[in-house]
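Below: one structure, written as C-alpha cells.
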Amino acid sequence: MSALDDRPLLVAEGLTKHYGQHIGCADVSLDIHEGEVVAVVGESGSGKSTLLGLLSTQLLPSAGSVRYLMRDGEERELLSLSEAERRFLLRTDWGFVHQDARLGLRMGVSAGGNVGERLMAVGWRHYGRIRAEAEHWLDRVEIARSRIDDRPDTFSGGMRQRLQIAKNMVTRPRLIFMDEPTGGLDVSVQARLLDLIRGFVSDYGLAAVIVTHDLAVARLLSHRIVVMRHGRVIETGLTDQVLDDPREPYTQLLVASILQA
Amino acid sequence: MYVAVKGGEAAIAAAHALLDKERRGDPTVPALTTEQIREQLALAVDRVTCEGSLYDRDLAALAIKQARGDLIEAVFLLRAYRSTLPRFGYATPIETGAMAIRRRISATFKDLPGGQVLGPTFDYTHRLLDDGLNDQVPAAELTHKIAHDEAAVPHVANLLGAQGLIEQNPEVEIGAPVGDLTRDPLAFPADRDLRLQSLARGDEGLLLALGYSTQRGYGRTHPFAGEIRMGHVEVHLAPEELGFEVSLGEIVVTECEMVNQFKGSAESPPQFTRGYGLAFGHSERKAMSMALVDRALRARDLGEEVIAPAQDEEFVLSHVDNVQATGFVEHLKLPHYVDFQAELQLVRQMRREWEEANRKEAAE
Amino acid sequence: MSDAAVYNFAYLDEQTKRMIRRALLKAVAIPGYQVPFASREMPMPYGWGTGGVQVTAAVLGADDTLKVIDQGADDTTNAVSIRKFFERTAGVATTTHTSDATVIQTRHRIPETPLREGQILVYQVPIPEPLRFLEPRETETRRQHALEDYGLMHVKLYEDIARHGHIATTYAYPVKVDGRYLMDPSPTPKFDNPKMDMCPALQLFGAGREKRIYALPPYTRVVSLDFEDHPFEPTKFDRGCALCGAEGIYLDEVVTDDCGGRMFVCSDTDFCESRRTPPRAAAPGLNEVPR
Chain A
1241 MSALDDRPLL
1251 VAEGLTKHYG
1261 QHIGCADVSL
1271 DIHEGEVVAV
1281 VGESGSGKST
1291 LLGLLSTQLL
1301 PSAGSVRYLM
1311 RDGEERELLS
1321 LSEAERRFLL
1331 RTDWGFVHQD
1341 ARLGLRMGVS
1351 AGGNVGERLM
1361 AVGWRHYGRI
1371 RAEAEHWLDR
1381 VEIARSRIDD
1391 RPDTFSGGMR
1401 QRLQIAKNMV
1411 TRPRLIFMDE
1421 PTGGLDVSVQ
1431 ARLLDLIRGF
1441 VSDYGLAAVI
1451 VTHDLAVARL
1461 LSHRIVVMRH
1471 GRVIETGLTD
1481 QVLDDPREPY
1491 TQLLVASILQ
1501 A
Chain B
-14 MYVAVKGGEA
-4 AIAAAHALLD
6 KERRGDPTVP
16 ALTTEQIREQ
26 LALAVDRVTC
36 EGSLYDRDLA
46 ALAIKQARGD
56 LIEAVFLLRA
66 YRSTLPRFGY
76 ATPIETGAMA
86 IRRRISATFK
96 DLPGGQVLGP
106 TFDYTHRLLD
116 DGLNDQVPAA
126 ELTHKIAHDE
136 AAVPHVANLL
146 GAQGLIEQNP
156 EVEIGAPVGD
166 LTRDPLAFPA
176 DRDLRLQSLA
186 RGDEGLLLAL
196 GYSTQRGYGR
206 THPFAGEIRM
216 GHVEVHLAPE
226 ELGFEVSLGE
236 IVVTECEMVN
246 QFKGSAESPP
256 QFTRGYGLAF
266 GHSERKAMSM
276 ALVDRALRAR
286 DLGEEVIAPA
296 QDEEFVLSHV
306 DNVQATGFVE
316 HLKLPHYVDF
326 QAELQLVRQM
336 RREWEEANRK
346 EAAE
Chain C
673 MSDAAVYNFA
683 YLDEQTKRMI
693 RRALLKAVAI
703 PGYQVPFASR
713 EMPMPYGWGT
723 GGVQVTAAVL
733 GADDTLKVID
743 QGADDTTNAV
753 SIRKFFERTA
763 GVATTTHTSD
773 ATVIQTRHRI
783 PETPLREGQI
793 LVYQVPIPEP
803 LRFLEPRETE
813 TRRQHALEDY
823 GLMHVKLYED
833 IARHGHIATT
843 YAYPVKVDGR
853 YLMDPSPTPK
863 FDNPKMDMCP
873 ALQLFGAGRE
883 KRIYALPPYT
893 RVVSLDFEDH
903 PFEPTKFDRG
913 CALCGAEGIY
923 LDEVVTDDCG
933 GRMFVCSDTD
943 FCESRRTPPR
953 AAAPGLNEVP
963 R
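Chains as they are written, first to last, in this note's numbering: chain A, 1241 to 1501; chain B, -14 to 349; chain C, 673 to 963.
Pasting the structure below:
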C-alpha cells in the first residue's frame, strides 16, 4: 500500500446499535488511517465495547456503515461482504486482542499451534515453515522458544496477551482491535505489554483501535482519542491535546479522577 | 494355535435362546400376562408409550414384557415398530382445555375455577413398604364418588394472560406448518415446535436431571407449577378427502404449564413467561421436567445469557433421546479390533520413540 | 411372526426408501457433503449400523448379492446379525466373496480385494462430522464446511507432529474429497484410505443416529490430509499373514496365550480364506499384493 494514498483505512459513519429500548451506541462516525492508533475511552457502559464490536463486524449495527480499504486498494462496505470474505479479512488483514485471553486463544492447543492457525487457515501446508514462523513471532513477543509446545493454560496472564498478539501478527495485519488488552494485569506486566504494543505499532505501521478505561494506556499508545458517554462520542482529538486540555466537563472529570490518582 | 473367529452365527442363536429362558424366569411362578402389565404396571406402560412416541398401551405392555422390564429397551422396541407404520395424516391439535380431568392442581393459586383435584397421586403417601400388597387382596373400595365436572376447566396461565401478566403464547399462524422430528432431520437452531417434540419423546431421567439443575442454579428460571392436569382428551383427524374432523378416540395425557418469573430484558418487558410440558399417560415427573427444560431452552429467544447445559439447545436436543444414547453407548460392545490394532501399533511406535529419546538424553 | 409377510421388502416402507434415495442422489451430486436425512428407528440399536442398514435397504434390489463385514470379517457377530436381517426381510442372496457381491455393507474396513465398477460399498458411520471433536457445535461445523474453513483440522495435525513427531491419527483419518469437502472416512484404519481414492465402486456412507448420508461417486479424488514435509503414510506391518502369507494387507493381532504369544492374521477373512482354499478360478501368485 502506498503511503501516498491518504484515503483512510476504515471509515465508520453514523454507527448506531439499539438493544431493545436501550441504546448501545448512537451515531458514531470515525476515520482510522494507516498506522494510526485510536483509543476509545469511557466508563463501563459508555458504549465503547459496542463500538468495537460494530467496527470489527462482530455486531450488526441498527444503522450506519463501515467501509474498509482492502489490500487491493478497493474500498468495501463491510456489511456487504460475504461471510467467507468477512472471515478471511478477520484472520488475515485484521487482528483482535481480547481482554480475556481465552476468547482469543485455543487454550487446549500449543503456543505454536495457536500462532500457526492463521497460516494454516490461509493454506500453509509445510510443518517446518509454519513452525519456523511461529518461533519467529514468539521471539518477537518475548516468549521463549522452548515454550512453543506448551499450552497457553500454563502461561501467565502477560504471556497469554503476548501470545494473542503473536497469533494475530503472523499474517501481518494492517488493523488490530484491542479490548482492554492490559486489563487485569499487574502494573509491571502492563508496562512491558504496552512497550511491546508500541514497538509493533511503529515497526509494522499497524493501525489499532484500543478500547480502554485506563487513560494512562490511552496516553501511552494512542495518537488520537475518542471519549464516549451514554453511547455517544462526546469529545475527540489528538490524545495529548484532549488529555492536557479537555473541553467537555465529563472528560475533565475523567482526566481529573484518573490521571491524578 | 489359531483362535477361531468363526462361529458368530451359532453363538448368537444360543445367546438368544438363553435370553428367552431367562425372560421366563422360574417356570413354577405363573407367567405375567401383558394385560397384567398394562393394568398393574400402568405407569411403566405410560412411560414407554411416551418415550416410544406411540400411544398403544397393549404394545407397550408387550414391549415391557419382551424387554424383561428394561424400559429403555421397551421404548426401543416400540420405536422400531413405529417406524414401519405408514403415516396417514396429522391429527388436529388436542384441546387440553376440554380435558376430562382426573387430576388438576395449581401451586400458584389456592383456589381457582375448576378447583384443585388431587386424583390418583403418590403425593402425601408415606413411602412405607406396604406388606399388604404381597397378598392377593382386592383394592380398597372407593368411599368417595369420583366427581365428574362436565364444565370446561380453564388453564391457569390463561387467567394470568387475561391480565397481561404472562407472555402470550408465541403467535402462530393457523395452519402454519409444524415441523416433524420423525420425518425431517433436526437442524439447529431448532424452533420451539421441534424442541418440544424432541423433549416429549426424550428420556425422563435426563430431563429430570436437567430440570433439577435449573432449580439448583444452572440456568435458573424461577419456576412455579402454574398447573398440572391429567385426564382424557379426544384426538381428531381431518382427512383431506373428507373435509371434516372425525374422532379417533381418547388418550390420556399429562400437561404441565410452568409459570416463570422474568425480570425482562432488552427484548422483552417484565412479565411471567411459560414453560410447557406434555406427556402421554400419567407422567407427571416427565411433564414437569419437560416444562422446566422447555423454559430453560427459551433463553436465547428471551435474550437471556446462555451459560448452563439446560439452556444449550444443541447439547440438550442432541442427547435427550435415550434410544440414540443407549445405542451409541452400547455399541462400544461391538468389536473395534481393527481400530484398536491401529492404535496399538501407534502406541508401540510412540513408546519406542520415547525410550529412544530417553536413552539419548541419558547418554548426553 | 413371519417377517416377509409383515414387513416391506428390505424392511423400510417405499416412502422412506424414496426419501433416502433422494438424499443419496444429492450426496452423490456433492461428493463428501453431509446430507441430512430423516433417519428412522431400525430394529437394531443406533450405533450398530442403522445408517448403513438404511442405505443398504434403500439401494438393495431383489437380484442383488449382499456381503456384510465388520472389522473385515464376514463372521463377526454384528455382520452376521445384519446379514440375517436382510436375508429375512429382503430374501436377497448373500455371499462372503467380495468379488461376487453387488452390495457390500461394511464397518471399519475396506476389503483387500479391489472393488470394481458396479459394486456399491456401504459404510456404517458413527460420527460423520470430521470436525466434531475440534468443534462440538453443529451450527459452527456446518458453517465451516460451507466456507471451506478447515484450518482447525490442520491445527490438530500440527499438534500431533509437535507432540509425537508424526501425525498420530490411525483411523478415521480425515480426507479432502474432490478438492472441496473435508470428510470422515468412518473409523476405517488409515491403511484403507488410499483404497477410497479413485475407487471404481460407488461408496455410500450412512450415519443413522446422526442422520447424515454422504457419498463418493466412482473415481472421486480422495486425499488424506497431511503436510508437505510430513506426508500421509498408511500403516505398514512388518510381517505377513501367519495363515495365508499375504503381505501388504491389514492384519489382526490374535492373542494366543497369556505368556505374550500372539500371531498376526488377515483382517479380511474372505481374502485370507480364498488364498488358502484351492482356487475357484486361477489364484493370484501367493504373495501378490492387491492394490
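Idealized CB from N, CA, C, for every residue including glycine.
As the structure is a computational prediction, the values presented were derived from the model and not from experiment.
At what residue ranges does the stretch 1369 to 1422 of chain A contain a whole run of the alpha helix (DSSP H), taking only runs of 4 or more?
Entirely contained in the stretch 1369 to 1422 of chain A, the alpha helix (DSSP H) runs reaching 4 residues are, in chain order, 1397 to 1409.
By the 10 Å Cβ neighbour count, where 16 or more other Cβ atoms means buried, how is residue 103(B) classified, buried or exposed?
With fewer than 16 other Cβ atoms inside 10 Å of its own Cβ, residue 103(B) counts as exposed.
Just to confirm before moving on: does the CB-CB distance between residue 276(B) and residue 174(B) stay below 9 Å?
Not a contact, by the Cβ cut-off of 9 Å.
Please report the Cβ distance between residue 1311(A) and residue 1251(A), rounded to the nearest whole angstrom; I am assuming they are in contact, meaning their Cβ atoms lie under 8 Å.
With a Cβ gap of about 16 Å, residue 1311(A) and residue 1251(A) do not count as contacting.
If you pair each beta-carbon of the stretch 1385 to 1392 of chain A with each one of the stretch 912 to 930 of chain C, do three or more pairs fall below 8 Å?
No contact exists between the stretch 1385 to 1392 of chain A and the stretch 912 to 930 of chain C.
Sequence-distant residues of its chain with Cβ nearer than 6 Å to residue 892(C) (five each side left out)
Within the same chain, residue 892(C) has close Cβ partners 703 and 850.
So what does DSSP say about residue 742(C), is it helix, strand or coil?
Strand at residue 742(C).
Determine the DSSP secondary structure at residue 1309(A), reduced to helix, strand or coil.
Residue state, collapsed to three classes: strand.
Just reading off the beta strand (DSSP E) that residue 258(B) is part of, what are its end residues?
Judged by DSSP secondary structure, residue 258(B) falls within the beta strand (DSSP E) whose first and last residues are 258 to 265.
What are the start and end residues of each continuous alpha helix (DSSP H) run of 4 or more residues lying completely inside the stretch 843 to 891 of chain C, in chain order?
The stretch 843 to 891 of chain C is shown to contain whole alpha helix (DSSP H) runs of 4 or more residues at 865 to 868, in chain order.
Does DSSP put residue 239(B) in a helix, a strand or coil?
Strand, per DSSP.
So which of 1450(A), 1460(A) and 1496(A) has the shortest CA-CA distance to residue 1337(A)?
If you compare the alpha carbons of 1450(A), 1460(A) and 1496(A) with that of residue 1337(A), the shortest gap goes to 1450(A).
Could you say if the stretch 902 to 919 of chain C and the stretch 728 to 736 of chain C meet the contact criterion of at least three C-beta pairs nearer than 8 Å?
The stretch 902 to 919 of chain C makes no contact with the stretch 728 to 736 of chain C; the number of CB pairs closer than 8 Å stays below 3.
Closest to residue 232(B) by C-alpha separation, out of 80(B), 301(B) and 36(B), would be which residue?
Looking at the Cα atoms, 80(B) is the closest of the given residues.
At which residues does the alpha helix (DSSP H) containing residue 273(B) begin and terminate?
Its alpha helix (DSSP H) spans residues 269 to 282.
Tell me the residue span of the beta strand (DSSP E) that contains residue 1255(A).
According to the DSSP assignment, residue 1255(A) belongs to the beta strand (DSSP E) that extends over 1250 to 1259.
Since I believe residue 806(C) is in contact with residue 871(C) (beta carbons under 8 Å), could you give me their beta-carbon distance rounded to a whole number of angstroms?
Contact between residue 871(C) and residue 806(C) is absent: CB atoms are separated by about 27 Å, not below the 8 Å threshold.
Chain-ordered residues of the stretch 812 to 838 of chain C with a beta carbon less than 9 Å from chain A
Taking 9 Å as the Cβ-Cβ cut-off against chain A, the residues of the stretch 812 to 838 of chain C that qualify are 815, 818, 819, 820, 821, 822, 823, 824, 825, 826, 827, 828, 829, 830, 831, 833, 834 and 835.
Contact criterion: CB-CB distance below 9 Å. Does residue 780(C) meet it with respect to chain B?
So, interface residue.
With 16 other CB atoms within 10 Å as the buried threshold, where does residue 340(B) fall?
A residue is called buried when at least 16 other Cβ atoms come within 10 angstroms of its Cβ; residue 340(B) does not meet this threshold and is exposed.
Measure the beta-carbon distance from residue 1368(A) to residue 901(C) and round it to whole angstroms, keeping in mind my assumption that it falls under 8 Å.
Indeed, because the Cβ distance is near 5 Å, the residues count as touching under 8 Å.
Residue 1386(A) at chain C interface by Cβ criterion, 9 Å
It does not; no Cβ of chain C falls within 9 Å.
For residue 1264(A), the nearest candidate out of 1302(A), 1296(A) and 1359(A) (CA to CA)
Looking at the Cα atoms, 1302(A) is the closest of the given residues.
Reduced DSSP secondary structure (H/G/I, E/B, other) of residue 12(B)
Here residue 12(B) sits in coil by DSSP.
Return helix, strand or coil for residue 833(C), following the three-state DSSP convention.
In this structure, residue 833(C) counts as helix in the three-state DSSP scheme.
Tell me whether the beta-carbon of residue 853(C) lies closer than 9 Å to the beta-carbon of residue 817(C).
Using a Cβ distance threshold of 9 Å, residue 853(C) and residue 817(C) count as a contacting pair.
Between which two residues does the alpha helix (DSSP H) holding residue 1291(A) run?
Counting along the chain, the alpha helix (DSSP H) containing residue 1291(A) begins and ends at 1288 to 1295.
Is DSSP giving residue 58(B) helix, strand or coil here?
Taken through DSSP and simplified to helix, strand or coil, residue 58(B) comes out as helix.
Is residue 49(B) helix, strand or coil by DSSP?
Of the three classes helix, strand and coil, the one that applies to residue 49(B) here is helix, per DSSP.
Are at least three pairs of beta-carbons, each pair with one atom in the stretch 1277 to 1288 of chain A and one in the stretch 1451 to 1467 of chain A, less than 8 Å apart?
Contact annotation: the stretch 1277 to 1288 of chain A touches the stretch 1451 to 1467 of chain A, with at least three C-beta pairs closer than 8 Å.
Using a beta-carbon distance below 9 Å, is residue 1470(A) in contact with chain C?
Output row for residue 1470(A): interface = no.
Using a 10 Å radius around the Cβ and a threshold of 16 neighbouring Cβ atoms, would you call residue 1247(A) buried or exposed?
Classification of residue 1247(A): exposed, given that the 10 Å Cβ count is below 16.
Hey, is residue 221(B)'s beta-carbon within less than 9 Å of any beta-carbon in chain C?
By this cut-off, residue 221(B) is not an interface position.
DSSP bridge partner residues for residue 1334(A) (one or two, in chain order):
Note: residue 1334(A) sits in a beta bridge opposite 1415(A).
Residue 1502(A) and residue 1371(A) look like a contact to me (Cβ under 8 Å); what is the Cβ gap, rounded to whole Å?
The structure shown does not extend to residue 1502(A), since chain A is modelled only from 1241 to 1501, so the question has no answer here.
Chain C residues whose Cβ lies nearer than 7 Å to that of residue 1370(A):
Neighbours of residue 1370(A) across chain C, judged by C-beta separation under 7 Å: 830.
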